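Colleague: In terms of the working numbering, the sequence shown is residues 116 to 769. Cβ coordinates follow ideal geometry from the N, Cα and C atoms, glycine included. Since the model is a prediction, treat every value here as computed from it, not as a measurement.
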Amino acid sequence: IVGLSGLFYLGGTGPVQADHRPFPKYELTYEKLTGHPTPNGEPGPWGDGCIRDLEAPVVPLTFFGVSAMLDQCEGVRTTVRFFLEEDSPGSPTLEFRWGVTWQYQTQEQIGSNDLTLKPVENFTYDGESVSTEQYDPENPAVVDDEGNLVRMSDGDGWYRPIHYVFEDTFGAGEEHILQFDAYVPLGAERAGMTWGTGSTGDTSGGSIGATANKLKVFPPARMDFRYVLHSEYLAARGFAQDEELTKDYDVPGLPERKWATADSGIEGTAFELIDCLEANHQHLADVSSSAPVNEIYPELPFDTLTHFEDRVGDFGFALWPWEFYTYQSGLWDPKSGLRLMNRNHDTGEIDPYLKDDGSYMALPYKPTVESLIRDIPGYRYVDNDITMFEKGKFDLESPPKTYNYLTAPNVQLRKVGDERTQHFYYTYEPIPGTFELEKSAVNYVAEDEGFTAMPVPLEGAEFELYEVVDPTTTACGLEPNLDNTETVSVCALKEPTTPAELQEALESEPTACEEKTVRKITLEGTDGTFVTDADGRFTPEGDPTLLPGDYLLREISAPGEHLILNEWIPFTIPLQDQEEPEAVQVTADNYLTPPPPETPTPTPTPTPTGTETPPESPDDPEMPTTGTNVAIFATLAILLSAAGLALRKASYRS
């Protein structure tokens, strides 16, 4: 990342003896400083509209290449340690020099060549404040003979710093530390720092060991991802449910929303949330604005939380495999020579990211489009509205030392006015389910205590299937399809458990009836009707096709003399929260004409004490106790009793 030697040199090439003057080595650290805007736009103590939060902890600043991410009023602390080992050969370095510039652009300046210089602050050398003779904040940049500021020749156009002498000689065993702070002022949309060193190689003024470095600073931008129904998303954007849609480059899928610019505003862009999709219960899963790194790359051995943030103008997804995400404080100490991207172009392999002790670096990464697909029970992923780029991702099949890209979805992060978060939608559809019908004929079998219902499978019962249609418009304006619908009256099921209840159910009026809007469904392999098999069952053919919701089975006919007690049988297909959806079990019963009602056994009348009837003679005939025979035998008994009384009287008389 750092130590970009040879970006510029000071002076010419010295005599041979310059080779015997080793230039000091260095270690570099950039750290993040905290600040925030002043209230009501006041200039503040530093005059840049910011307040320095000097009590906040200073943490390592993560950067990628020579780019870092800082918000307005935040800052970067640069610390550079220059040193020569005790056993460094050769003569001391002469006139060790250093220079730095810090500049920024406002929104109005972007696109032009204008830059505004801003001096660095708290500049120290070996812990002591640097004098204006060593760094003049009023004149930090080189000017030409006509008084024009001179720019770097590296293509970025930052100003070239003036280099002041800090050490007349720099010898073996010596070290010196430079440190300074640079803050991004309020209103700055990007900033940049250039610094460089050099030394006089000999008495003729030749330069050796010149080192230049820079840091480009951009404000942060963010993105998040929301998970919604595909049908609702289409309705919200005005697309027909059966419309064939394409992204840019004629790639099938949800069209992206237009890009926002400072001139166009944010309406209709990814900066704007789709209001109806933010209503209650519209999100199928939590909004994703971060993820553990091992969810992005499962093969990585750590779970560092990666926030979906990056610098303005960067791509939000990994263009390369294993590409680091560029904003995460406190996870590593950037030093000279540390490479974040470590793909070996000679072999095409990704080298491991190891510390000196052999352990893995817990570094943050950029997400991939695939890593953002969530496993949502009951739903399956359909599409997203992420922009397509002609160079959206790196081609992993590229030969070594080549840089080929593929058309792919990606996000170029932006900041428009105060808006800096772009919102993208991943759409899902419910997983369909199915049902299994079990049809029984119910017979009542007499038992000691009454009757027991004995269902047996019933073959040949004929049915139709209907879906219940919600006639209301959804939150995002999805109009219900009412083609081929009808209105039917669906009443509470009658479920008798005794012959008497069955008789009552046949004679009573329906209860709890509701009007339902329904549409007939023709199942695969049927003409719109279907019948139960020898086991009294029916299961639809093929893959499940019924979306979660309410349905009705309508019984058209029953075999033989079986009675249809319930014409409409409701059931519900729930969310399919298993990998293999289970069929919903639906039962339906038929009944035969009920048997004659039971005749209750008469309750005997108690006999008064002292008038008990003598026990019957063993030879007396047994009398039945039920039906009309009871009355016949009772009459005969009375007649016989009267005849016996007459005979006894005659005998007495005789």
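Contact between the region 482 to 496 and the region 369 to 380 is defined here as three or more beta-carbon pairs at a separation below 8 Å; is this criterion met?
Modeller: Result no; under three Cβ-Cβ pairs closer than 8 Å.
Colleague: Where does N409 sit, in a helix, a strand or coil, going by DSSP?
Modeller: Within the sequence shown, numbered from 1, the residue matching residue 409 stands at position 294. It is helical.
Colleague: The alpha helix (DSSP H) that contains A620, what's its start and end?
Modeller: As a first step, residue 620 is located in the sequence shown; it is residue number 505 there, counting from the start. 614 to 622 is the span of the alpha helix (DSSP H), which, as asked, contains A620.
Colleague: Can V191 and L169 be called in contact, C-beta distance under 7 Å?
Modeller: One-based indexing of the sequence shown puts residue 191 at position 76. One-based indexing of the sequence shown puts residue 169 at position 54. Not a contact, by the Cβ cut-off of 7 Å.
Colleague: Just the C-alpha distance for D251 and F504, rounded to the nearest angstrom, thanks.
Modeller: Numbered from its first residue, the sequence shown carries residue 251 at position 136. Numbered from its first residue, the sequence shown carries residue 504 at position 389. Roughly 46 Å between the two C-alpha positions.
Colleague: Take the Cβ of F417 as the centre, count every other Cβ of all protein chains shown within 10 Å, and call the residue buried at 16 or more, exposed below.
Modeller: Here residue 417 refers to the residue found at position 302 of the sequence shown. Result: exposed.
Colleague: Please classify K516 as buried or exposed, where buried requires at least 16 other C-beta atoms within 10 Å of its C-beta.
Modeller: Locating residue 516 in the sequence shown gives position 401, where the first residue counts as 1. Answer is exposed; the Cβ neighbour count stays below 16.
Colleague: Using only CA atoms, which one of F285, N237, E347, L690 lies nearest to Q294?
Modeller: One-based indexing of the sequence shown puts residue 294 at position 179. For the residues F285, N237, E347, L690, the minimum Cα distance to Q294 belongs to N237.
Colleague: Looking only at its chain, what residues have a beta carbon closer than 7 Å to the beta carbon of G214, apart from the 5 residues adjacent to it on each side?
Modeller: For the purposes of this step, residue 214 is identified with residue 99 of the sequence shown, where counting begins at 1. P276, I277, H278, Y279, W310, G311.
Colleague: Since D100 sits in a beta bridge, which residues does DSSP pair it with?
Modeller: Nothing can be reported for residue 100, as the shown portion of the chain is limited to 116 through 769.
Colleague: Using the three-state DSSP reduction, which class does C391 fall into: helix, strand or coil?
Modeller: As a first step, residue 391 must be located in the sequence shown, where it is residue number 276. Of the three classes helix, strand and coil, the one that applies to C391 here is helix, per DSSP.
Colleague: Compute the beta-carbon to beta-carbon distance between Q218 and K233, rounded to the nearest angstrom, for a pair I have assumed lies under 8 Å.
Modeller: As a first step, residue 218 is located in the sequence shown; it is residue number 103 there, counting from the start. As a first step, residue 233 is located in the sequence shown; it is residue number 118 there, counting from the start. Rounded, the Cβ-Cβ distance is 6 Å, consistent with contact.
Colleague: Can you tell me where the alpha helix (DSSP H) with Y348 in it begins and where it stops?
Modeller: Taking the first residue of the sequence shown as position 1, residue 348 is located at position 233. Note, Y348: alpha helix (DSSP H), 345 to 351.
Colleague: Within the continuous beta strand (DSSP E) that includes H538, where are the two ends?
Modeller: For the purposes of this step, residue 538 is taken as the residue at position 423 of the sequence shown. Residues 536 to 545.
Colleague: Taking only the alpha-carbon atoms, compute the straight-line gap between D260 and G307 and give it to the nearest angstrom.
Modeller: Numbered from 1 along the sequence shown, position 145 holds the residue referred to as residue 260. Numbered from 1 along the sequence shown, position 192 holds the residue referred to as residue 307. If you take the alpha carbons of D260 and G307, they lie about 25 Å apart.
Colleague: For R212, report the span of its beta strand (DSSP E) as first-last.
Modeller: Position 97 of the sequence shown holds residue 212. Taken as a continuous stretch (DSSP letters only), the beta strand (DSSP E) holding R212 covers 208 to 221.
Colleague: Which runs of the beta strand (DSSP E) fall wholly inside the region 598 to 678 and span at least 3 residues, in chain order?
Modeller: DSSP runs (the beta strand (DSSP E)) wholly in the region 598 to 678: 600 to 605, 629 to 636, 664 to 672.
Colleague: What span of residues does the beta strand (DSSP E) with Q700 cover, start to end?
Modeller: For the purposes of this step, residue 700 is taken as residue 585 along the sequence shown, with counting starting at 1. Taken as a continuous stretch (DSSP letters only), the beta strand (DSSP E) holding Q700 covers 699 to 706.
Colleague: Nearest by alpha-carbon distance to Y240: which of V265, A287, T194 is it?
Modeller: As a first step, residue 240 must be located in the sequence shown, where it is residue number 125. Taking only the C-alpha atoms, the option nearest Y240 is T194.
Colleague: According to DSSP, N499 sits in a beta bridge with which residue or residues?
Modeller: For the purposes of this step, residue 499 is identified with residue 384 of the sequence shown, where counting begins at 1. According to DSSP, which records beta bridges pairwise, N499 is partnered with Y541.
Colleague: Assign R454 to buried or exposed, taking buried as 16 or more other Cβ atoms, counted over all protein chains shown, within 10 Å of its Cβ.
Modeller: Counting from one through the sequence shown, the residue named residue 454 turns up at place 339. Since pLDDT at R454 reaches only 38, below the 50 mark, its modelled position is unreliable, and no value is offered.
Colleague: Determine, using beta-carbon pairs with one atom in the region 588 to 595 and one in the region 689 to 702, whether at least three such pairs fall under 8 Å.
Modeller: Not touching, per the Cβ criterion.
Colleague: Following the continuous beta strand (DSSP E) through F354, name the residue where it begins and the one where it ends.
Modeller: In the sequence shown, counting from the first residue as 1, residue 354 sits at position 239. Looking at the DSSP string, F354 is not in any beta strand (DSSP E), and its letter there is neither H nor E.
Colleague: Just to confirm, are L661 and P547 a CB contact at a threshold of 7 Å?
Modeller: Within the sequence shown, the letter at position 546 stands for residue 661. Within the sequence shown, the letter at position 432 stands for residue 547. Yes.
Colleague: Given this structure, state the Cα-to-Cα distance separating S403 from N499, to the nearest angstrom.
Modeller: As a first step, residue 403 must be located in the sequence shown, where it is residue number 288. As a first step, residue 499 must be located in the sequence shown, where it is residue number 384. Going from the Cα of S403 to the Cα of N499 covers about 14 Å.
Colleague: At a cut of 8 Å, does the region 675 to 684 reach the region 696 to 710 through at least three beta carbon pairs?
Modeller: These segments touch.
Colleague: Within its chain, find whatever has a CB closer than 8 Å to the CB of V584; leave out the 5 residues flanking it on each side and keep chain order.
Modeller: In the sequence shown, counting from the first residue as 1, residue 584 sits at position 469. Around V584: P595, N596, L597, T600, T632, V633, R634.
Colleague: Is the region 340 to 351 touching the region 199 to 209 in the sense that three or more CB pairs, one from each, lie closer than 8 Å?
Modeller: Flag = no, the region 199 to 209 and the region 340 to 351 do not touch.
Colleague: Please state the DSSP three-state secondary structure of N328.
Modeller: By 1-based counting over the sequence shown, the position of residue 328 is 213. Here N328 sits in strand by DSSP.
Colleague: Counting only the same chain and skipping the five closest in sequence on each side, list residues whose C-beta sits under 6 Å from that of Y364.
Modeller: Position 249 of the sequence shown, counted from the start, is the residue given in the question as residue 364. Cβ within range, chain order: M503, T522.
Colleague: Count the other CB atoms within 10 Å of the CB of C188; is the residue buried (16 or more) or exposed (fewer)?
Modeller: Locating residue 188 in the sequence shown gives position 73, counting from the first residue. Answer is buried; the Cβ neighbour count reaches 16.
Colleague: Let's see if you can read the secondary structure: which residues bound the beta strand (DSSP E) around M267?
Modeller: Taking the sequence shown and counting its residues from 1, the one referred to as residue 267 is at position 152. No beta strand (DSSP E) contains M267, which DSSP labels as neither H nor E.
Colleague: Could you give the distance in angstroms between the alpha-carbon of Y540 and the alpha-carbon of A673?
Modeller: For the purposes of this step, residue 540 is taken as the residue at position 425 of the sequence shown. For the purposes of this step, residue 673 is taken as the residue at position 558 of the sequence shown. Cα to Cα, Y540 sits roughly 50 Å from A673.
Colleague: Between L528, Q527, K506, P614, which has its C-alpha nearest Y518's C-alpha?
Modeller: Here residue 518 refers to the residue found at position 403 when the sequence shown is read from its first residue. The shortest Cα separation from Y518 among L528, Q527, K506, P614 belongs to K506.
Colleague: Report, in whole angstroms, the separation of the C-beta atoms of P334 and E304, which I expect to be a contact under 8 Å.
Modeller: Sequence index remark: in the sequence shown, residue 334 carries index 219 (1-based). Sequence index remark: in the sequence shown, residue 304 carries index 189 (1-based). Confirmed, Cβ separation roughly 7 Å.
Colleague: Cα separation between A627 and F550?
Modeller: Locating residue 627 in the sequence shown gives position 512, where the first residue counts as 1. Locating residue 550 in the sequence shown gives position 435, where the first residue counts as 1. The straight-line gap from Cα to Cα measures roughly 25 Å.
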